[in-house]
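Participant:
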Amino acid sequence: MEVKTKSLLDNMIGVGDMVLLEPLSEDSFIENLRKRFDHNEIYTYIGSVVISVNPYKSMLIYTPEKVEEYRNRNFYELSPHIYALADEAYRSLRDQDKDQCILITGESGAGKTEASKLVMSYVAAVCGKGQEVNKVKEQLLQSNPVLEAFGNAKTVRNDNSSRFGKYMDIEFDFKGDPLGGVISNYLLEKSRVVKQPRGERNFHIFYQLLSGASDDTLKKLKLDRDFSKYNYLSLDSAVVNGLDDAANFRTVRNAMQIVGFMEDEVQSVLELVAAVLKLGNIEFKPESRCNGTDESRVKDKNDLKEMCELLGIEQSVLERAFSYRTVEAKMEKVSTTLNVAQAYYARDALAKNLYSRLFSWIVTRINESIKAQAKTRHKVMGVLDIYGFEIFEDNSFEQFIINYCNEKLQQIFIELTLREEQEEYIREGIEWTNIEYFNNAIICDLIENHQNGILAMLDEECLRPGTVTDETFLDKLNTVCAEHQHFESRLNKNSKFLNDHSLPHCCFRIQHYAGKVLYRVEGFVDKNNDLLYRDLSQAMYKANHTLIKHLFPEGNPAKVNLKRPPTAGFQFKASVGTLMRNLQTKNPNYIRCIKPNDKKAPHIFTESLVCHQVRYLGLMENVRVRRAGYAFRQAYEPCLERYKMLCKRTWPHWRGPAREGVEVLMADLQVPAEEFSYGRSKIFIRNPRTLFFLEERRRQCLQDLATLIQKIYRGWKCRTHFLLLKKSQIVVAAWYRRYAQQKKYQKIKSATTVVQSYTRGWQARKLLRELKHQKRCEEAATTIAAYWHGTQARMELRRLKQEVRNKHAVTVIWAYWQGTKARRELRRLKEEAKRKHAVAVIWAYWKGLKVRREYRKFFRANAGKKIYDFTIQRIMQKYFQGLKKTLPSMSPIDKNWPARPYIFLDGVHMELRRIFHLWRCKKYRSQFTDEKKAVYEEKLEASELFKDKKALYASSVSQPFKGDYLEISKNPKYQKLNSSVDEKVLLADVVNKINRANGKGTTRILLLTKKNVVLADQKTGQVKANVALPDLTSVSVSTQNDGFFALRLKEGSASAVKGDFLLSSEHLIETITKLHHIGSTASDGEQLNVDISDEFLVQFKHDKVCVKFIQGAPKNGNSVSCKRKNNRLLEVSVPASA
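Put into structure tokens, the structure is as follows:
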């Protein structure tokens, strides 16, 4: 769809530039804003300043088509728009190499944040393209969702209110492509973390985390989705219409990934956010001490424990920091207890500092990702989004600091605006006249003076020893600032305020440029101090959490600094000074945001609210400054192009220079000379009435030109229509005459065709009769000839057939004769061959007989032995070749073997089978590692010990011997137990130690080394018994399918004080085998005896008890049970099915 382009002065709704407003008054100013707002015109100019009225609805004026419409266009060329200011700033930076700054001010809900987003999105759209450039643009744009989540909150005035000031420097290269950026934050409203006014919320990130995080994430963070479980979250506005916290959380996570946050960094940030929520749930109770003083104690330590687990802090350290405060003075330390109120203050101070430092770290981390990498000089565009002037019913320290910042911004705004005006006048050669305006430097001096300023006195009062209260600070203000014309107080020396009942005793009033503001002095000293007890800082530094340690560097005991930290006012004053110096080095561009109503609803314009904002934003003052000289200025070329139709000499084309054309135009219109001046490249018009006179003359002239164009067009249209009709009549007549002649010709042609057809028909029929007669004669002759030829052909055929039959008979007779001759010859040849073969056979037998007679005397002695040896050799060769093909597999358990072919090979056959089996067993063993050999040796030893002796052995054959079933070297639960054992653990298993008193088992950990058997408690890891292997005499087990075994100890040994051990294990076969194996490989050579019997004696201290195994019915899940029968008998019942 084609976009229609409108100029600033075309089809204006109201006045697009307030400088041209006539008459100029506050009422006409607000009425012009209302009129434009009602027609969806939310942007208005004051010279180069843009006024933006929040529409509280979506508007189709930010499309890509709009971006292209305002791209590379003159500021006043199109209707007012924020894109015009952004384009002007970007082109000045790119083409003129001027650093720019865009100052966006207004109160909460006026649309400052959205305005900054629009500026950044426009710059991102019009600058260069490329993979690296797009990445930088994406990071710059995606930093906004992260900062909004952690720095914005829902207030009664705005659902997405920025609770901090933000200044972003976007850096560009020489082509105008973004290289990176730097973000500075000012005065985060950290008091909102611990307390929110009614109808408002805490910062967005708390609600987004609880709504959008997965269940696993919340479980790791020890959080619950229910907002009501957290004291720091207000419940009356927890859910906001139009805000999807879950979707916004996913957006924030994605934005953090794009900006460059690592996954562990994101997790650390979320852990700190969760810790702040947990911190708010910590409550205290009073507890009286013996000396009569009160101290505080934590009520429920569950939230404190979970917070400490999140941050890696010892619970006792943080609990003490909440109960005691240590004050250091020179070389002395004094520890005092904190009462409940002080404990709550310390908790809230820690929460505010933790969140504020986390926010500052996030800003720093974003700066590390988006900062420009190149070291060369960059072009810079700054975007300032900061609080507007605030006047509430109850104004405190925060409003005082914010209004001080706005005083400084107003001061620099007036200075830079006047300087810009003066520079343009000098550049154009126009005489500069001094402009009278209110200079608010006296108010700034009242606040920031190093000696007598309010901030200096507040810092002095905070640092003064002795009792310091808000009242003493007010007394000091009354003493020092009593004579200042912009300071008012009920208690100062100026008697005119003594009876001013609108001024309470605990307040003071400052007359700012935007109006008088009443400040309540309560809380000024505490908020300026912003103290965090050193005990809490040191407790935070002791955390294992790397981010916490980074956020509280002052807690490092090695770097204890007894110097008092700078106050909040001092820090803000320094940061504002740095900001002002930064802004003064750049070309300023201003966006003034206005909120039309308090209901956050579209189409509502509250004049009183808008009037209040117009006053404190100083917009009327801005218009007066702009109108003090010349209200309107325009380059000669566009001015001549716009108004050239007002003079016959310049219409329709002026061939000379544009300035001369404008001079001719103004002279022809007889505009008074004092109403305008000629600059070098522009014409300056003093009064808006002159401009409106030109516009009215242009409108009338355009109407006359439109009438003339309509008249000429209508005449042209009628003439064209007449000529078209005339031409059409000629064409129609020509076509009709042609049609009539065609019809006449067609009639004549049709008649001629009919006569010709009748004549040709008669001739054709006559010719047809003649041809038919001729054809019948020819057909009769042909038929007679055909009959004659057929008779001749049949006679010739009969003759040929008789001749063929005669020839065939001769051929058959000849064939029979030839066959008879061939058979006779064949019989003759066969007889001859038989005779020849008989002769050959007889001759061969005769030759053989002669040879045998000749050589019989040589072979008669050893011919039989040689023939026998040859026969045996051939038989063995055939046997081995067959055996090679039928050998069994290489598996040692394969019992297949080929059958013997001859009985006399039976012994050889069995010996080869034995040799082959030994060989493949050797090959199989060569594949074993040392560990595997040891396992098989143990298995073999178990077979020797238990095979056919213990019923449990059969089930253990298929189970590998693992040894360390508890993974004691890897399991941190048994780290202490593992460190108490010096040698390598060969077996680690859980066993039951049988109590002789009742037959019940107690769980123990059994550790087996080369020298000891260790029994330890499973829960605590404490060693209960340590038995040296030489003290073991034997092991007793039953023949049943149970896991009971008794360790028999030497009498008189140190380990036998409490007697033998009766144990039960699920890995009995492996345990006994390893014990026996260690005993057999010991250097002393004493083997451990293994007794297998269903009855054996066990020594318990001084008594010997018989352990008897019987088979019984399955009970309690088919398990083995042990019961005490009497003092001398323990009966173990083993299920028969087991």
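In terms of the numbering used here, the sequence shown opens at residue 59 and continues consecutively. We put the beta carbon where it would ideally sit given N, CA and C, even for glycine.
Indicate the three-state DSSP secondary structure (helix, strand or coil) for residue 771 in the structure shown.
Facilitator: Helix.
Participant: Decide if residue 1033 is buried, meaning its Cβ has at least 16 other Cβ atoms within 10 Å, or exposed.
Facilitator: The residue in question, residue 1033, is exposed, as its Cβ has fewer than 16 Cβ neighbours within 10 Å.
Participant: Per DSSP, which one or two residues make a beta bridge with residue 1072?
Facilitator: DSSP output for residue 1072 lists 1065 and 1084 as bridge partner(s).
Participant: When DSSP labels each residue in this structure, what does residue 1039 get in the three-state scheme?
Facilitator: DSSP places residue 1039 in coil when its eight states are reduced to three.
Participant: To the nearest angstrom, report how far apart residue 980 and residue 1110 are at their CA atoms.
Facilitator: Between residue 980 and residue 1110, the C-alpha separation is close to 48 Å.
Participant: Tell me which residue opens and which closes the alpha helix (DSSP H) that residue 1094 is part of.
Facilitator: First-last for residue 1094: 1090-1095, but that is the beta strand (DSSP E), not the alpha helix (DSSP H).
Participant: Could you check if residue 100 is buried or exposed, using at least 16 other CB atoms within 10 Å of its CB as the buried criterion?
Facilitator: Residue 100 is buried by the Cβ-count criterion.
Participant: Give me the Cα-Cα distance between residue 338 and residue 282, rounded to the nearest whole angstrom.
Facilitator: For residue 338 and residue 282, the distance between alpha carbons rounds to 14 Å.
Participant: In three-state DSSP terms, what is residue 448?
Facilitator: Residue state, collapsed to three classes: coil.
Participant: What first and last residue would you give for the alpha helix (DSSP H) that runs through residue 703?
Facilitator: Run containing residue 703: none; DSSP gives neither H nor E here.
Participant: I need the straight-line Cα distance from residue 309 to residue 274, nearest angstrom please.
Facilitator: Using only the alpha carbons, I get a separation of about 19 Å.
Participant: For residue 544, which residues from the same chain have a beta carbon less than 7 Å from its beta carbon, with the 5 sequence-adjacent residues on both sides left out?
Facilitator: For residue 544, where only same-chain residues beyond five positions count, the Cβ hits under 7 Å are 500, 501, 504, 568 and 569.
Participant: Out of curiosity, what's the CA-to-CA distance linking residue 929 and residue 938?
Facilitator: Each residue's Cα considered, the two are about 14 Å apart.
Participant: Identify every run of the beta strand (DSSP E) within the stretch 901-963, keeping only runs that are complete inside it and at least 3 residues long; order them along the chain.
Facilitator: Runs found: none.
Participant: Run through the DSSP bridge pairs and tell me what residue 690 is partnered with.
Facilitator: According to DSSP, which records beta bridges pairwise, residue 690 is partnered with 743.
Participant: Round the Cβ separation of residue 333 and residue 262 to the nearest angstrom and send it over; I've been treating them as touching at under 8 Å.
Facilitator: No, residue 333 and residue 262 are not in contact; Cβ-Cβ is about 18 Å, not under 8 Å.
Participant: Starting from residue 1202, trace the beta strand (DSSP E) in both directions and tell me its first and last residue.
Facilitator: Summary: the structure shown does not reach residue 1202, with the chain confined to residues 59 through 1196, and so no result is reported for it.
Participant: What ranges does the beta strand (DSSP E) occupy inside the stretch 68-103, keeping only unbroken runs of at least 3 residues that lie completely in it?
Facilitator: Whole beta strand (DSSP E) segments, 3+ residues: zero.
Participant: Measure the alpha-carbon distance for residue 970 versus residue 924 and round it to whole angstroms.
Facilitator: Roughly 27 Å separates the two Cα atoms.
Participant: Is it true that the CB of residue 1061 sits closer than 8 Å to the CB of residue 1048?
Facilitator: Yes, Cβ-Cβ distance for residue 1048 and residue 1061 is below 8 Å.
Participant: Could you give the distance in angstroms between the alpha-carbon of residue 1180 and the alpha-carbon of residue 1057?
Facilitator: So the two alpha carbons sit approximately 5 Å from each other.
Participant: Below 6 Å CB to CB, which residues in the same chain sit around residue 1277 once its five sequence neighbours on both sides are set aside?
Facilitator: The chain is shown only over 59 to 1196; residue 1277 falls outside these bounds and no answer can be derived.
Participant: Note down, one range per segment and in chain order, each beta strand (DSSP E) of at least 3 residues found wholly within the stretch 386-414.
Facilitator: Segments of the beta strand (DSSP E) lying fully in the stretch 386-414: 390-395.
Participant: CB residue 221 to CB residue 250, shorter than 8 Å?
Facilitator: In this structure, residue 250 lies closer than 8 Å to residue 221 by Cβ.
Participant: Less than 8 Å between C-beta atoms, sequence neighbours within five positions excluded: which residues of the same chain meet that for residue 366?
Facilitator: So the list reads 372, 373 and 376, once near-sequence residues are dropped.
Participant: Tell me residue 1060's beta-bridge partners as DSSP assigns them.
Facilitator: 1051, per the DSSP bridge assignment.
Participant: Which one or two residues does DSSP pair with residue 202 in a beta bridge?
Facilitator: Paired residue(s): none; residue 202 is not in a bridge.
Participant: Can the beta-carbon of residue 1123 be found closer than 8 Å to that of residue 1129?
Facilitator: The answer is yes: Cβ separation under 8 Å.
Participant: Work out the CA separation of residue 94 and residue 314 for me, nearest whole Å.
Facilitator: The alpha-carbon atoms of residue 314 and residue 94 are separated by roughly 40 Å.
Participant: Can you give me the start and stop residues for the beta strand (DSSP E) that residue 1124 sits inside?
Facilitator: Element bounds for residue 1124: n/a, residue is neither H nor E.
Participant: So, using beta-carbon positions, are residue 184 and residue 145 closer together than 8 Å?
Facilitator: Against a cut-off of 8 Å, the Cβ pair of residue 145 and residue 184 comes out as a contact.
Participant: Candidates 681, 1161 and 571: which alpha carbon is nearest residue 1187's?
Facilitator: Among 681, 1161 and 571, the Cα nearest to that of residue 1187 is on 1161.
Participant: From what residue to what residue does the beta strand (DSSP E) around residue 122 run?
Facilitator: Counting along the chain, residue 122 falls outside any beta strand (DSSP E), though it belongs to the alpha helix (DSSP H) covering 122-128.
Participant: In the DSSP output, which residue or residues are listed as bridge partners for residue 652?
Facilitator: Paired residue(s): 111.
Participant: Ignoring anything shorter than 4 residues, give me the alpha helix (DSSP H) runs that lie fully in the stretch 128-182, in order along the chain.
Facilitator: DSSP runs (the alpha helix (DSSP H)) wholly in the stretch 128-182: 140-154.
Participant: Are the CB atoms of residue 694 and residue 723 nearer to each other than 8 Å?
Facilitator: For residue 694 and residue 723, no; Cβs fall outside 8 Å.
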